[in-house]
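Written out below as structure tokens is the structure these notes cover.
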Amino acid sequence: MTFRSSLRISDPKKIEKLVGETGFFSVEETAIARELADEGLAQGSSSHYRFILAGSGVRVLGYACFGRVPCTSAAWDLYWIAVTPVAQGQHLGRDLLQRVESAILLAGGTHVYADTSSRGQYAPTRAFYARRGYQKAADFPDFYAPGDGKIVYAKALGVSRV
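So the sequence shown is numbered by our numbering: it starts at 7 and just counts up by one.
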């Protein structure tokens with residue numbers, strides 16, 4: 007497994023495919039994932055979006071997209087973290103998240119926020135964040151749709167919790 011933070015010309019299409027394969031995201035959400043990758047590729051280092059991709063050979067098996075929250079001194083959003091079903095259960099999500107957190111710390115970030123859905127399908131996602139030291143910071147019932155709330159998880163980076 008190799009990890010990289012620079013996008014290649016073929017990555018937006020691969021990211022779109024990966025996000026679609028998970029079965030978690032709508033067509034609209036999948037298009038947004040592609041759009042962010044297209045923007046990241048087009049703008050390069052001046053893009054607001056940063057990426058970490060994990061792969062084997064030419065295949066992208068997982069990726070994360072993150073960026074500093076505008077108008078904050080050190081807060082960052084984790085916009086996307088996704089692992090293709092064939093690579094799930096192999097700690098790839100954990101490894102991607104650790105690399106995201108390290109990159110944020112290196113850039114002077116102190117806090118990271120991750121949004122997810124309250125739907126039952128996302129229970130493993132919420133458990134994933136909890137295992138990684140994230141705390142539930144906000145809950146917005148019916149945010150995305152009736153019965154589909156938004157839950158925001160937060161983590162202070164570089165802070166030891168006993």
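Idealized CB from N, CA, C, for every residue including glycine.
Being a predicted model, the structure only gives us computed values, none of them experimental.
- Inclusion of tyrosine 85 and glycine 73 in the CB contact set at 8 Å is warranted, their separation being smaller than that value.
- A Cβ-Cβ separation of about 15 Å leaves leucine 13 out of contact with alanine 88 under the 8 Å criterion.
- Beta-bridge analysis with DSSP links phenylalanine 72 to Arg56 and Leu84.
- By the C-beta density criterion, alanine 70 is buried, having at least 16 other C-beta atoms within 10 angstroms.
- For proline 91, the secondary structure class from DSSP, reduced to helix, strand or coil, is helix.
- Going by DSSP, glutamine 127 is part of no beta strand (DSSP E) at all; its letter is neither H nor E.
- Taking a C-beta distance under 8 Å as the contact criterion, alanine 160 and tyrosine 140 qualify as a contact pair.
- Around the beta carbon of threonine 36, 16 or more other beta carbons sit within 10 angstroms, so the residue counts as buried.
- Looking at Val75, Phe31, Ala93 and Ala80, the one whose alpha-carbon comes closest to that of alanine 60 is Ala93.
- Counting of Cβ neighbours within 10 angstroms places glutamate 107 among the buried residues, the total reaching 16 or more.
- Nearest neighbour of aspartate 145 by Cα position, chosen from Glu45, Gly164, Ala162 and Thr122, turns out to be Thr122.
- The beta carbon of valine 66 sits closer than 7 Å to the beta carbons of Asp17, Lys20, Ile21, Leu24 and Leu59 from its chain, once the five residues preceding and following it are set aside; these are given in chain order.
- In this structure, the alpha-carbon of proline 147 lies about 15 Å from that of arginine 132.
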